[in-house]
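Counted the way the numbering used here counts, the sequence shown spans residues 1359 to 1540. Beta carbons are placed, not taken as given, at the ideal position from N, Cα and C, and that holds for glycine. Remember, predicted model here, so these are calculated numbers, not experimental data. One structure is given here, and the rest of the page talks about it.
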Amino acid sequence: DAAVRPDRDMDLRDAIQRIALEWPSYGRPRITAALRREGWVINPKRVYRLLREDNLLCIRKRKFVVTTDSNHNRRVYPNLTEQMTLSGINQLWVADITYIRLEAEFVYLAVVLDAFSRRVIGWALDRSVEDDLTLAALRMALELRRPPAGCVHHSDRGSQYASGDYTDLLKAHGCEISISHK
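So, in structure tokens, the structure goes:
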């Protein structure tokens, strides 16, 4: 049986290499499924062994999307949140940007949260992470809550939050600006 194994492995190796060349992002599970569709009765461990021996293991790189550009020449404000104790809404708002992976692209979600109630009070969704995205979320929060003077707005060091339009809008509504340290 051991003498027959190299021949069986050679036929299987040919099939695996063909699939791996046609579908470079396929790993062991997908290659095993493709082989089974072709009629092979195969154990995934065997497929893994042959992939490893032939140096065909797929290393997938996850696409990481950067949402913060903290290397900018805009003013950086102090972090005012370190000594805060919250007792009600509209004392501290926290803003951030995240991305949502769709089938063929990413979209960006900017949110403004009330730290006391933990409610989303402003949000915006867009295909780009420009200043307009964060401004739209902030405008929604300002319209919904109409914060009292002294409400602290906290964010990371992203250039969108340090932009003149963003900080001017906060100041016009009497908000204090707080930005995380590096």
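The beta carbons of R1515 and V1452 sit no closer together than 9 Å.
The beta-carbon distance between L1415 and V1405, rounded to whole angstroms, is 11 Å. This is too long to meet the 8 Å contact definition.
Here the alpha carbon of I1455 sits roughly 10 Å from the alpha carbon of Q1518. Counting along the chain, V1465 sits inside the beta strand (DSSP E) bounded by residues 1464-1472. L1438 sits close to H1512, with the two beta carbons spaced by under 9 Å. Spanning the alpha carbons of A1468 and I1377 requires a straight line of approximately 41 Å. Annotated three-state conformation of A1530 is helix, per DSSP. By the Cβ test, the stretch 1456-1466 is not in contact with the stretch 1518-1528, since fewer than three Cβ pairs between them sit closer than 8 Å. Per DSSP, the continuous beta strand (DSSP E) segment holding Y1457 begins and ends at 1450-1459. Annotated as proximal: Y1466 and L1491, with beta-carbon spacing under 9 Å.
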